[in-house]
Structures are given as structure tokens and as C-alpha cells.
Amino acid sequence: LRHLLTLDGLPKAILTEILDIAAPFTEVAEREVKKLPLLRGKSVFNVFFENSTRTRTTFEIAAKRLSADVINLNVSTSSTSKGETLLDTVDNLCAMGADMFVMRHASSGAPYLLAQHLRNTGRDHISVVNAGDGRHAHPTQGLLDMYTIRHYKQDFTRLTVAIVGDVLHSRVARSEIAALTTLGVPEVRVIAPKTLLPTDVERMGVRVFHNMEEGLKGVDVVMMLRLQNERMSGALLPSSGEYFKFYGLTEEKLALAAKDAIVLHPGPMNRGVEIDSAVADGDHAVILPQVTFGIAVRMAVMSMLAAGN
Ligand code: CP
Numbered sequence: 012l013r014h015l016l017t018l019d020g021l022p023k024a025i026l027t028e029i030l031d032i033a034a035p036f037t038e039v040a041e042r043e044v045k046k047l048p049l050l051r052g053k054s055v056f057n058v059f060f061e062n063s064t065r066t067r068t069t070f071e072i073a074a075k076r077l078s079a080d081v082i083n084l085n086v087s088t089s090s091t092s093k094g095e096t097l098l099d100t101v102d103n104l105c106a107m108g109a110d111m112f113v114m115r116h117a118s119s120g121a122p123y124l125l126a127q128h129l130r131n132t133g134r135d136h137i138s139v140v141n142a143g144d145g146r147h148a149h150p151t152q153g154l155l156d157m158y159t160i161r162h163y164k165q166d167f168t169r170l171t172v173a174i175v176g177d178v179l180h181s182r183v184a185r186s187e188i189a190a191l192t193t194l195g196v197p198e199v200r201v202i203a204p205k206t207l208l209p210t211d212v213e214r215m216g217v218r219v220f221h222n223m224e225e226g227l228k229g230v231d232v233v234m235m236l237r238l239q240n241e242r243m244s245g246a247l248l249p250s251s252g253e254y255f256k257f258y259g260l261t262e263e264k265l266a267l268a269a270k271d272a273i274v275l276h277p278g279p280m281n282r283g284v285e286i287d288s289a290v291a292d293g294d295h296a297v298i299l300p301q302v303t304f305g306i307a308v309r310m311a312v313m314s315m316l317a318a319g320n
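Just so we're aligned, residue 12 is where the sequence shown starts under full-length UniProt numbering, counting upward by one.
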């Protein structure tokens, strides 16, 4: 593994290996064990061209727990605002000794462009981690969601999982569907209005529901999605009140799922739009543990990349 750009096509053995490697790192993530030296002497550059709270911060924590030097490029105050191209910016960061880029970008494919540029310029030793590109992929979010599910449910092959909301604009949903199907979940459902589903949704290997009550019946895992307003044109924007009525997760709707169902959300949450506070803060929610597991999973990914694993 030189780069982590997508979960599509990654074999089950590698997904499982990442989750297995992450498991002991949870003790470091939760500060029960001190730093590890696995990235000592390495420089990790966080280059986020879109806003982030969880991903950027947990990558920084993960890299620091592995003893790396972490540099956060503040894109809004960087010279990209003066017209410097992405690749010129990258070349300059390489000249500062980057060993790994963690990149988020609004354009699908931007991390691929970066990886290709590094290869073309003989810098194959530098790794790229996709921290979310457009509506394409968010592989480490997909992995931390799988870690969370495995933590609470153990066996993927006995689960029914529902992904609810704006699948059309969601890079998280694509990475989740890729990982869930590879790990052997027998039934992955998506629950959304037609306008928020990709036209080729049937080819994603999922069961489609437009009625949330129908789709939630008996599910073991509910994965909520935010309305990605920033990627919608005016015509697509649903009113939040209307959306909540049909696709908001309330205690009443959650009661249709399995008694011990867990509720995930990648964040940021919009309370009262896709999820009611009573659910977000309730006993079924594992939304904050997701964030903590994200540190361990990102430690696993970075240590594997640094080892050229
Ligand atoms: N889940 C996620 O990507 O959150 P951030 O946008 O805060 O990084």
C-alpha cells in the first residue's frame, strides 16, 4: 500500500488487516499508552482545501501519537489564494521534506492527481491519503465506520445495514458501501428520496428504499448522512423541515430497527434535519466513539503506508 485513495477494489484481507492493526492503537488513541516511534523523523502534511473538524484533527493526533512531525497547511491563508496551482504548492511542500500528504479537496480525483504527479516526478516514496475528495471517496471515514461496526457487532456476515440520506453527494456513503460489501455484509440498504440517489444506485449492490419506515425494519446498523448542501444546486435543496419529516431519524423511527441497533453518523450532524437530538444523544448512538476510533484507524493507515506495507 503506497497510497490510500479509495476503498473500492481493496481486498477484504487488506481491509481486515487495517482494522486489526488499528485495534491495539485504540489504547494509544485513548492515551492509556504513550507515543509510538513508528513515524519518528517523518513529516506529515495536512493539506485541506475544504473545511474539517474531525478528519483533520484526528489525522494530526494520530500522526503525533506515532511521533511524526505534523504540518497543517492553512489553505485559506496560503499562496493558493494568489493563484498558485495545486501541483506548484505540492512541489514546494515536497521541497520542505514531506513524507506523506493527507489531502481533502472539493474536486473528486484531486488526491489521484497528486499521487500521479509524485510518481511522474520521481517522488514515489511520498504517500498520499485521501481525506475526502468531492463526492467520490472518504476512505478513512469508511474504515473507521467499519471499525466501529466490528467493535459493537463483531460479525459483518450477520448484519443488515441501512445508509440513510443524501447518498448522491456523499463520498462517505460510497466508501461505506464499498467496505460493507467487501467485508461480506449480506444486506446493505440505502434509504433516500430518488433525488438524492445516484442514477446507477442499483449497480452499487444495495437494496433501495424510498420509505424510511420500511427501510429501517429490523436493521442492525443505521448509518446517517448529512444533507451535503454545499454540493447541491438550488433545485435539489430540500427544505429541512420537509426532509426531517420523511428522512429524519427519530426515536419512533429507530424503534423499527433491531432492539440493539447502533446509530452512526460521520459528522458534522445537523440536528433536527437528518437526526433528532434524542437519537443523537441516546443509548443507540455510537457517534462519539466513531471519532475516537478514527484516531486508531488513521494511526493504522499511516503506519502501514510509512512501512510501505
Ligand atoms: N466526517 C468528517 O469528514 O468530518 P469533518 O468534515 O469534520 O472532517
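For each residue, glycine too, the CB sits at the ideal point set by N, CA and C.
Note that this is a predicted model, so its numbers are computed, not measured.
Contained alpha helix (DSSP H) runs [length at least 4] in the stretch 152-214, N- to C-terminal order: 182-193
List the DSSP bridge partners of residue 84. 58
Which residues DSSP lists as bridging residue 148, in chain order: 144
Measure the alpha-carbon distance for residue 285 versus residue 134 and round it to whole angstroms. 43 Å
Any heavy atom of the ligand CP closer than 8 Å to the CB of residue 239? no
For the alpha helix (DSSP H) that contains residue 306, what are its first and last residues? 298-317
What does the Cβ neighbour count give for residue 53, buried or exposed, with the cut at 16 atoms within 10 Å? buried
Taking all protein chains shown into account, decide if residue 71 is buried (16 or more other Cβ within 10 angstroms of its Cβ) or exposed. buried
Quick check: what's the CA-CA separation for residue 232 versus residue 157? 11 Å
Any idea what DSSP makes of residue 39, helix, strand or coil? helix
Residue 152 beta carbon near the ligand CP (any heavy atom closer than 8 Å): yes
Cβ of residue 188 within 9 Å of Cβ of residue 227? no
Quick one: using the 10 Å Cβ neighbour count with 16 as the cut-off for buried, is residue 239 buried or exposed? buried
Please go through the stretch 94-145 and give each complete alpha helix (DSSP H) segment of 4 or more residues, from N-terminal end onward. 97-106 and 121-131
Is the beta carbon of residue 125 sitting closer than 9 Å to the one on residue 112? yes
What do you reckon, are the CB atoms on residue 236 and residue 269 nearer than 9 Å? no
Proximity to residue 192 [Cα-Cα], best of 14, 175 and 18: 18
Using only the alpha-carbon positions, how far apart do residue 283 and residue 277 sit? 16 Å
Meets three-Cβ-pair contact criterion under 8 Å: the stretch 135-153 and the stretch 163-171: no
Close Cβ partners of residue 128 (< 6 Å) along its chain, the five nearest in sequence each way excluded: 98
With residue 218 as the anchor, note down where its beta strand (DSSP E) starts and where it stops. 218-220
To the nearest angstrom, how far is it from the Cα of residue 36 to the Cα of residue 309? 9 Å
N- and C-terminal bounds of the beta strand (DSSP E) containing residue 290: Per DSSP, residue 290 belongs to no beta strand (DSSP E); it is in the alpha helix (DSSP H), 288-291.
Tell me the DSSP secondary structure of residue 51 in three-state form. coil
According to DSSP, which residues form a beta bridge with residue 260? 286
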